[in-house]
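Undergrad: Right, I'll just put the structure down here and ask away after.
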Amino acid sequence: MELNILWFWIIAAMFIGYFVLDGFDFGVGMSLPFLGKDDTDRRVLINTIGPVWDLNETWVIVAGASLFAAFPEWYATMFSGFYLALLLILLALIARGVSFEYRHQRPELKWKKSFDTMIVVGSAVPALLWGVAFGNVVRGVPLDADFNYIGSFFDLLNPYALLAGLTTLLLFFTHGVIFVSTKTEGDIRVRARSLAIKSGLVTIVVAASFLVWTTLAYGTLASGILAAVAAVALITAYLANLRGNERTAFGLMAVTIGFAVLTLFASLFPDVMPASNDVANSLTIENASSTPYTLQVMSWTALIAAPVILGYQGWTYWVFRKRIGRSHIEAAVH
Amino acid sequence: MNEWLDPLLLSRWQFGLTTVYHFLFVPLTIGLVTTVAIFQTAWYRTDKAKYLQLTHFFGKIFLINFAMGVVTGIVQEFQFGMNWSDYSRFVGDVFGAPLAFEGITAFFLEATFIGLWIFGWDKLPKGLHLATIWLTTVGSIASAYFIIAANAFMQNPVAYQINEVKGRAELTSIGELLTNPIAIAAFPHTIFACFMVSAGLIISVAAWHLSRNQHLETMRPALKFGLWMMVIAGALTTLMGDQLSLAMVQAQPMKMAAAEAMYHTATGANASFSIFTLGTPDGVSELFSIRIPYLLSFLSTHTFDGTVEGINNLQEQYVQLYGPGDYAPIIWVTYWSFRWMIGLGIAHILVAVAGLWFTRKGKSPQTWMWKIAIWSFPMSLLAMSVGWVFTEMGRQPWLVFGLLKTADGVSPNVSGLEILISLIAFTLLYGALAVVEFRLILKAVQKGPDDAPVPDPVSGEIKHTTTVY
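Taken in order, these protein sequences are the chains called A and B. Counting from 1, one number per residue, gives the positions in the first sequence under the numbering used here. Counting from 1001, one number per residue, gives the positions in the second sequence under the numbering used here.
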């Protein structure tokens, strides 16, 4: 296999890692107004992701850096082309990250509430805009002969991309709420499960429409099969949650997100950023990639590092496997 | 109006602002995580409560600071592509690899184990929990190496060939890229400077409490630790800075000439180092200056009869090599940032040596001495910042020395208005967060360490409470 093909799928894998992991962080953040009745509830919610949000978020940094190294032209075109969208994502991620660390530093409720708002907004904005960004990548954007994006910010807000954004927003929301039900105990766990039953229905309708649109407009046979797997996983996740199998539901949500990302990448392949105006200006795995030597160096690094990284990250989740309830928050010092 | 919307100028301001800001948090992260790991190790080995108190106390300050370093770091990873897409296209094959290594090997390690450290006090065995802070330290120091190796390529491009068809630089040897002489010299210089910043914080904090005669049992050992750390790290920073300037003269002679505002090539005694120049440092009208003969020759070549090339001579060479253009950086910036970096660095070492002398055998210094010591932290951060300003402004007009000018690296399709919007947004958000962070750190510092934990009467072990956000 050519290394640029391998790296196309490694990039896909990194975004799967990012969306599956930070996806439930976004969901937990967005669930604060729905599940957090009082400050203790909200602290329970935040502490379900407390030890891991930073490592989850790091996946996007690694994905971005790997994109830069493996497909510099793709990185350059996408990041300069989606300038304002990425600016909003950055501002949101900054606001969200400091809020986790700062909201408990002072006891005043007003202080905490302003950081809660930043967590909600800081989670919803990236959950929406990552979908919009990838929707546009799959749909194709106008590029000039030097592969520079020549549309405007508002061209990115087309119906297909907005539906993609709504899909990621809802997928992450439900994913996060189900995560809460697997990580908490007592009343909040029950309420999370029933919220996921409600949001799950909307998610199924929106995500299914998006997958159908993707398959019909941009898909291949392979991407169609992947989309079908994603859809089946989503419905099964919903049924599992309905029966109270929270952990199964959570695992199936992760499968759904993974296969949804695979659907998008399979629709793209072998393009990485198709040009909507002129096929000759499209970025492909051929003309966007680094040299075989660089890819070879990167492949060895990834090969050696991946088991180690997955090992210690998995172990971290195991260390913090216990459920959290109001009593834990009340017993803690601050 | 259009002048204000120049994408190049705005992108440069944005990169400068966000990077200098990010690098206020990074040195403290690198220095403090190491310090906290040392305190925790001391507690692990001696079981003395004061070391655990210091671990928690400086650990708290570290975490307030760490959050800012993390979130402002994402901006760094994105803005090469956002604002400097032509640069990204040109260097991605070379420059991307160390960034990816940084993410894969260092950032994951740091981000995972810091979570385990913060929340693992009551969940992990003592020894394993100690290992988590050391792995965080390894991650943060490793990340510094990779980013400095990437930066070194911009200062002194190595291990590449130019692909004319693709119009880009392509990597020829990863080993050579990671052993760039500039990286080899700049990495220890930067890391030891990070330790100086951390030492500066410890000195400031301890001096503040000790001048109020409070928390003596923890702050006395903290002060002593901070002072020794400053002296040792200061000496090593100086030594490595000397190595770096030797490597710099080889790779970027113009930067050294600009650091000294030296327009004409000089040899031996004439290659003097001016400590201070009154008048315009453009060399046209010098009113008064304090000069040390031979010093510049020594700094540049380690000999007293070396020749140091001047700006005008280099300018002529570069015009022949690269075509017409101005190849000198902004001289007053390089001249003064170089002096402030060195001057503040030396001042810190002197303050620390004086501190050790005046606190020997439990002596108590005068009130005014504490007041000076309290300035250690902000001044060491300033030294760090001006050092980087010198390094990066001294590289101008090049983005990658000799290969790509800054003006040619900017994204051609991002409008001045878009960059103005982002510049304003970053400035406002960063400004607000700076105020919040400063207040939180001040509050944590002024509160001082918590009381010594009481061990369980039966087992003699200290019971750690669960940490929650």
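Built from N, CA and C at the ideal position, the CB exists for glycine as well.
Beta-carbon of A:His-175 versus every beta-carbon of chain B: anything under 8 Å?
TA: No - not a single Cβ of chain B is within 8 Å of the one on A:His-175.
Undergrad: Which first and last residues belong to the beta strand (DSSP E) in which B:Trp-1398 is found?
TA: That run of the beta strand (DSSP E) goes 1398–1400.
Undergrad: Output yes or no for whether 8 Å exceeds the beta carbon distance between A:Leu-67 and A:Pro-292.
TA: For A:Leu-67 and A:Pro-292, no; Cβs fall outside 8 Å.
Undergrad: Please go through the stretch 1118–1191 of chain B and give each complete beta strand (DSSP E) segment of 3 or more residues, from N-terminal end onward.
TA: For the stretch 1118–1191 of chain B, whole beta strand (DSSP E) runs of length 3 or above, ordered along the chain, are 1160–1163 and 1168–1171.
Undergrad: Excluding the 5 residues flanking A:Leu-88 on each side, which residues of the same chain have their C-beta closer than 7 Å to its C-beta?
TA: For A:Leu-88, where only same-chain residues beyond five positions count, the Cβ hits under 7 Å are Val-125 and Leu-129.
Undergrad: Whole angstroms are fine: how far does the CA of A:Thr-215 sit from the CA of A:Thr-167?
TA: Those two C-alpha atoms are separated by around 15 Å.
Undergrad: Which one or two residues does DSSP pair with B:Ala-951 in a beta bridge?
TA: Since the first residue shown for chain B is 1001 and the last is 1469, residue 951 of chain B is missing from the structure and cannot be characterised.
Undergrad: Let me see if you follow: with CB-CB separation under 8 Å, is A:Pro-142 close to chain B or not?
TA: Taking Cβ atoms only, chain B never reaches closer than 8 Å to A:Pro-142, which makes this a no.
Undergrad: In angstroms, rounded to a whole number, what distance separates the CA positions of B:Met-1001 and B:Leu-1130?
TA: Note that B:Met-1001 has pLDDT 49, beneath the 50 cutoff, so the model's placement of it is unreliable and no number is given.
Undergrad: Please determine, among B:Leu-1028, B:Trp-1004 and B:Thr-1427, the residue with the shortest C-alpha to C-alpha distance to B:Ser-1385.
TA: If we check each option's Cα against that of B:Ser-1385, B:Leu-1028 comes out closest.
Undergrad: Are the CB atoms of A:Leu-226 and A:Thr-263 within a distance shorter than 8 Å?
TA: Against a cut-off of 8 Å, the Cβ pair of A:Leu-226 and A:Thr-263 comes out as a contact.
Undergrad: Is the stretch 1141–1154 of chain B touching the stretch 1040–1048 of chain B, taking contact as three or more C-beta pairs under 8 Å?
TA: The answer is no - the stretch 1040–1048 of chain B does not touch the stretch 1141–1154 of chain B, with fewer than three Cβ pairs under 8 Å.
Undergrad: What in chain A is Cβ-close to B:Pro-1412, meaning under 7 Å?
TA: Within chain A, the residues near B:Pro-1412 are Asn-148.
Undergrad: Against B:Val-1036, what residues of chain A qualify as contacts under a CB-to-CB distance less than 8 Å, listed in chain order?
TA: Result: empty, since nearest Cβ-Cβ is about 16 Å, beyond 8 Å.
Undergrad: On a CA-only basis, which of B:Ile-1203, B:Ile-1118, B:Met-1082 and B:Phe-1338 is nearest B:Gly-1059? Give me that one, please.
TA: Among B:Ile-1203, B:Ile-1118, B:Met-1082 and B:Phe-1338, the Cα nearest to that of B:Gly-1059 is on B:Ile-1118.
Undergrad: Note down the Cα distance separating A:Glu-57 from A:Val-212, rounded to an integer number of angstroms.
TA: The straight-line gap from Cα to Cα measures roughly 29 Å.
Undergrad: So, under 8 Å CB-CB, A:Ala-306 and B:Ser-1088 are touching, yes? Tell me the CB distance rounded to an integer number of Å.
TA: Rounded, the Cβ-Cβ distance is 25 Å, inconsistent with contact.
Undergrad: Would you say the stretch 1324–1336 of chain B touches the stretch 1241–1255 of chain B, given that touching needs at least three Cβ pairs under 8 Å?
TA: Yes, they touch.
Undergrad: Work out the CA separation of A:Ala-275 and A:Val-137 for me, nearest whole Å.
TA: Using only the alpha carbons, I get a separation of about 9 Å.
Undergrad: Following the continuous beta strand (DSSP E) through A:Asp-39, name the residue where it begins and the one where it ends.
TA: Not the beta strand (DSSP E): A:Asp-39 falls in the alpha helix (DSSP H), residues 39–49.
Undergrad: Based on Cα-Cα distance, which residue from B:His-1464, B:Trp-1388 and B:Tyr-1469 lies nearest to B:Lys-1126?
TA: Closest option to B:Lys-1126, Cα to Cα, is B:His-1464.
Undergrad: Tell me the DSSP secondary structure of B:Ile-1074 in three-state form.
TA: Helix.
Undergrad: Beta-carbon within less than 8 Å of A:Val-120's beta-carbon, same chain only, minus the 5 sequence neighbours each way: which residues are those?
TA: The answer, listed in chain order, is Gly-29, Met-30, Leu-32 and Pro-33.
Undergrad: Is it buried or exposed for B:Trp-1004, if we count other Cβ within 10 angstroms and need 16 for buried?
TA: Classification of B:Trp-1004: exposed, given that the 10 Å Cβ count is below 16.
Undergrad: State yes or no: is the beta carbon of A:Pro-72 nearer than 8 Å to at least one beta carbon in chain B?
TA: Judged by the 8 Å Cβ criterion, A:Pro-72 is in contact with chain B.
Undergrad: Quick one: Cα of B:Gly-1031 to Cα of B:Cys-1194, how far?
TA: One C-alpha to the other measures close to 5 Å.
Undergrad: Could you tell me whether the Cβ of B:Tyr-994 comes closer than 8 Å to any Cβ of chain A?
TA: This structure leaves residue 994 of chain B out entirely; chain B is present only between 1001 and 1469.
Undergrad: Relative to the alpha-carbon of A:Ile-285, which residue among A:Phe-154, A:Phe-147 and A:Val-272 has its alpha-carbon at the smallest distance?
TA: Per the Cα distances, A:Val-272.
Undergrad: Just checking: is the beta-carbon of B:Val-1436 within a distance shorter than 8 Å of some beta-carbon in chain A?
TA: Output row for B:Val-1436: interface = yes.
Undergrad: Tell me whether the stretch 1091–1111 of chain B and the stretch 1173–1190 of chain B touch, counting them as touching only if at least three CB pairs, one residue from each stretch, are closer than 8 Å.
TA: The stretch 1091–1111 of chain B is in contact with the stretch 1173–1190 of chain B.
Undergrad: Among B:Ile-1419, B:Met-1196 and B:Pro-1293, which has the Cα closest to the Cα of B:Ile-1346?
TA: Of the candidates B:Ile-1419, B:Met-1196 and B:Pro-1293, the one whose C-alpha sits nearest the C-alpha of B:Ile-1346 is B:Met-1196.
Undergrad: Rounded to a whole number of angstroms, what is the C-alpha to C-alpha distance between A:Asp-54 and B:His-1189?
TA: Whole-angstrom Cα-Cα distance: 29 Å.
Undergrad: Can you tell me whether A:Tyr-317 is buried or exposed, with buried defined as 16 or more other CB within 10 angstroms of its CB?
TA: That one is exposed.
Undergrad: Hey, B:Ala-1149 and B:Ala-1183: beta-carbon distance below 8 Å or not?
TA: Yes.
Undergrad: Can you give me the C-alpha to C-alpha distance between A:Ile-11 and A:Ser-289, rounded to a whole angstrom?
TA: Each residue's alpha carbon lies about 12 Å from the other.
Undergrad: So, does the stretch 1214–1226 of chain B touch the stretch 1263–1274 of chain B, judging by three or more C-beta pairs under 8 Å?
TA: Touching, no.
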